[in-house]
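Accompanying notes for the structure given below.
Number of protein chains: 2
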Amino acid sequence: MSMSSPFDASAWAEQSRLLVERALSEWVPEHASAGLGASMRYAVMGGGKRLRPLLCLAARQSVAALQPPCPPDHREFQDLHHLHALLDQAALRAACAVELIHAYSLVHDDMPCMDNDVLRRGQPTVHVRFGQAQALLCGDALQALAFELLTPESSELQASIQVQLCRLLSSAAGHAGMCGGQAIDLHSVGLHLTRQALEEMHQKKTGALLTASVMMGASCAAPGSLPTGAMAQLGVYAAHLGLAFQVVDDILDVVADTQTLGKTAGKDADMDKPTFVSLLGLGDAKALAQQLHDQAQEALLASHLPQTQALSALAREVIDRPY
Amino acid sequence: MSMSSPFDASAWAEQSRLLVERALSEWVPEHASAGLGASMRYAVMGGGKRLRPLLCLAARQSVAALQPPCPPDHREFQDLHHLHALLDQAALRAACAVELIHAYSLVHDDMPCMDNDVLRRGQPTVHVRFGQAQALLCGDALQALAFELLTPESSELQASIQVQLCRLLSSAAGHAGMCGGQAIDLHSVGLHLTRQALEEMHQKKTGALLTASVMMGASCAAPGSLPTGAMAQLGVYAAHLGLAFQVVDDILDVVADTQTLGKTAGKDADMDKPTFVSLLGLGDAKALAQQLHDQAQEALLASHLPQTQALSALAREVIDRPY
Chain A
1 MSMSSPFDAS AWAEQSRLLV ERALSEWVPE HASAGLGASM RYAVMGGGKR
51 LRPLLCLAAR QSVAALQPPC PPDHREFQDL HHLHALLDQA ALRAACAVEL
101 IHAYSLVHDD MPCMDNDVLR RGQPTVHVRF GQAQALLCGD ALQALAFELL
151 TPESSELQAS IQVQLCRLLS SAAGHAGMCG GQAIDLHSVG LHLTRQALEE
201 MHQKKTGALL TASVMMGASC AAPGSLPTGA MAQLGVYAAH LGLAFQVVDD
251 ILDVVADTQT LGKTAGKDAD MDKPTFVSLL GLGDAKALAQ QLHDQAQEAL
301 LASHLPQTQA LSALAREVID RPY
Chain B
1 MSMSSPFDAS AWAEQSRLLV ERALSEWVPE HASAGLGASM RYAVMGGGKR
51 LRPLLCLAAR QSVAALQPPC PPDHREFQDL HHLHALLDQA ALRAACAVEL
101 IHAYSLVHDD MPCMDNDVLR RGQPTVHVRF GQAQALLCGD ALQALAFELL
151 TPESSELQAS IQVQLCRLLS SAAGHAGMCG GQAIDLHSVG LHLTRQALEE
201 MHQKKTGALL TASVMMGASC AAPGSLPTGA MAQLGVYAAH LGLAFQVVDD
251 ILDVVADTQT LGKTAGKDAD MDKPTFVSLL GLGDAKALAQ QLHDQAQEAL
301 LASHLPQTQA LSALAREVID RPY
């Protein structure tokens, strides 16, 4: 997308979503052993907002115009063009890898021993459709596939970028990130968490992976090209966006109906889970979402990156989304 | 271990096991969120044979005496020493990463929706001790931790080796490896598999990770130093060892008692699972194990690697083990 033409956020999102759907369809195996492929595709290809992949591609776009610092020897245009094609491809792999981690977490989360949810995006959940044992394996295989996507057999991409992508994803998915947040969530049912404890839970449970999406996309940059502090500001953007996402989730659980959500509405209140709405009330929760959005936008400005329009539009979408 | 002194296999194994136990204890977090650390350590630190880590370290030993091809400029001894120290450290991380994948697969495998096992190494299984939801998360977090171990924040190790380790581990753990084998296993209960189908199941279910253990260890070699065909022969060694391991497992399930095994004996027969013993009879199964062992040893000889004594001793141990 060139800087000179006005940015069309919805066209960008539509085009990017299409790229992601195609890539997922290519990379999630149809014919894996004994029905495993079928359950993996069911878990991944059933739609969803693809917020994490879009964040990853938007972050890649924010660094796509940056060129490597001038080296002593002359660089051909052809080389730079090739470099950016490789980085685009790496970002697409990163986008899909993050989505696979998200998809596996939903499959395991929906199981009877966790949230016991039978409906996801308006369809039966994986364990309802394929049985619990297959759902367990399906989630496990999706997590492994995420790291397979990041380390393709023959890659011209700089190995240091591949390692960075694996590092960001594994730490966001693991005990200090998503899994850790879910463990806190398990232990918090029926408890009256402080706002600080609630924020910490969400920072890990959903925030870590949203942040990783942004950081992974921005890692697909020409080596040495990022302005000082840009990564840190993207981290601030992602942290605020992640929390805003969760506040809006809690609001929607109260105000939307099951059909719109595609999952059971009012579930958190029924299970006596602490939420931002139960803690702050609906009005203050809405004000908090708006405030977090504004802080995310400020961080984008402070990043001094040339093309943050897609990241900006996604932050807007996170607080305006109907489901 | 120098080539001039006679090789003491049991001293090597004891010393290596100690290294692995120490490293796992350092790297599996004690204080992860909300009891998650406790369940992860319970799953990992409860003993076990550590066969996969030992295979990984033994494979590293088989390449440890190889030096990089002479470069045009003179290399200092200090540099080579440093290089091999880094490669040793990488192999230890690889050894622990493979064990974490193995440990997570046991945690998930033991759950009620899978094998519903209450006893593992003589102790209550993770879901019995911590509940099913925590067991599910514990396994998920262990898989992520495996990839965290392979991509430490500050590593001097060549990024290309780190990428190779992530690639080998993720493909061995995923749909085309361990998870795929488990899916076939799920579908094979009560069926009369051919020997070929049984071998394919085991090749994926346990063979893929055993093979990855060997390949990952051997990947921790000085760049360009491996003799032609050495990797392929190590693959042959690992494939035969992996199958021998499974044949012996099936034999032990019949001939050993629950106390010796540390898990419920006779379980496969009770569940009408196909085994090498049910397919071939006990005598032929024992002969097959010996034949596979001999083929593994031949592949080691054919690899022309200088220090295969530890790999050789492990193959012997796999068919002689009492549990």
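In the order they appear, the protein sequences are chains A and B. FYI, my numbering numbers position 169 of the first sequence as 169, with every residue one higher than the one before it. FYI, my numbering numbers position 229 of the second sequence as 229, with every residue one higher than the one before it. Glycine included, C-beta positions come from ideal geometry on N, C-alpha and C.
Beta carbon proximity, residue i to chain A, threshold 7 Å
i: P124 of chain B; result: no
i: V20 of chain B; result: no
i: L51 of chain B; result: no
i: H108 of chain B; result: yes
i: F130 of chain B; result: no
i: T194 of chain B; result: no
i: L87 of chain B; result: no
i: A222 of chain B; result: no
Beta-carbon separation (whole angstroms), residue i vs residue j, contact threshold 8 Å
i: A296 of chain A; j: Y237 of chain A; result: 5 Å
i: Q307 of chain B; j: Q61 of chain B; result: 5 Å
i: G37 of chain A; j: H175 of chain B; result: 7 Å
i: F276 of chain B; j: L198 of chain B; result: 7 Å
i: A302 of chain A; j: Q233 of chain A; result: 5 Å
i: S203 of chain A; j: G242 of chain A; result: Checking the sequence shown, residue 203 of chain A turns out to be Gln, not Ser. Right, the Cβ-Cβ distance comes to about 7 Å (below 8 Å), so this counts as a contact.
i: S188 of chain A; j: I184 of chain B; result: 38 Å between Cβ atoms; not a contact.
i: W27 of chain B; j: L106 of chain B; result: 18 Å between Cβ atoms; not a contact.
i: A135 of chain A; j: S39 of chain A; result: 7 Å
Closer than 7 Å to chain B by CB, residue i
i: Q162 of chain A; result: yes
i: L226 of chain A; result: no
i: T211 of chain A; result: no
i: S33 of chain A; result: yes
i: D140 of chain A; result: yes
i: H175 of chain A; result: yes
i: H102 of chain A; result: no
i: E148 of chain A; result: yes
i: S154 of chain A; result: no
i: S170 of chain A; result: yes
i: H187 of chain A; result: yes
i: R167 of chain A; result: yes
i: M114 of chain A; result: yes
i: P68 of chain A; result: no
Collapsed DSSP secondary structure at residue i in the structure displayed
i: P124 of chain A; result: strand
i: M1 of chain A; result: Confidence in M1 of chain A is poor, its pLDDT being 46 and thus under 50, which makes the residue's placement too unreliable to answer from.
i: L157 of chain B; result: coil
i: L137 of chain A; result: helix
i: L119 of chain A; result: strand
i: T211 of chain A; result: helix
i: T151 of chain A; result: coil
i: S225 of chain A; result: coil
i: T206 of chain A; result: helix
i: Y323 of chain A; result: coil
i: P53 of chain A; result: helix
i: F7 of chain B; result: coil
i: H325 of chain A; result: Lying outside 1 to 323, the shown extent of chain A, residue 325 of chain A is not represented and no answer is given.
i: S303 of chain A; result: coil
Distance, residue j Cα to residue i Cα
i: Q15 of chain A; j: L54 of chain A; result: 10 Å
i: V44 of chain A; j: S225 of chain B; result: 42 Å
i: A144 of chain B; j: V163 of chain A; result: 14 Å
i: D8 of chain B; j: C138 of chain A; result: 43 Å
i: H102 of chain A; j: G35 of chain B; result: 22 Å
i: R41 of chain A; j: R120 of chain A; result: 14 Å
i: L100 of chain A; j: A59 of chain B; result: 32 Å
i: A64 of chain B; j: A95 of chain B; result: 15 Å
i: D325 of chain B; j: N116 of chain B; result: No answer is possible for residue 325 of chain B: it lies beyond the span of chain B, which begins at 1 and ends at 323.
i: D140 of chain B; j: Y104 of chain A; result: 9 Å
i: F147 of chain A; j: A146 of chain B; result: 11 Å
i: E317 of chain A; j: L193 of chain A; result: 28 Å
i: H82 of chain B; j: S170 of chain A; result: 28 Å
i: V254 of chain B; j: A287 of chain B; result: 16 Å
i: G181 of chain A; j: L57 of chain B; result: 34 Å
i: H293 of chain A; j: G283 of chain A; result: 16 Å
i: K346 of chain B; j: C166 of chain A; result: Any property of residue 346 of chain B remains undetermined from this structure, which presents chain B solely from 1 to 323.
i: A133 of chain A; j: P112 of chain A; result: 11 Å
i: L51 of chain A; j: A285 of chain A; result: 21 Å
i: Q291 of chain A; j: A212 of chain A; result: 22 Å
i: A230 of chain B; j: L305 of chain B; result: 7 Å
Checklist line | Meets three-Cβ-pair contact criterion under 8 Å: the region 244-254 of chain B and the region 202-211 of chain B | finding: yes
Margin query: Between the region 145-161 of chain A and the region 124-136 of chain A, can you find at least three pairs of beta-carbon atoms closer than 8 Å?
Written below: Counting Cβ pairs under 8 Å, fewer than three are found: no touch.
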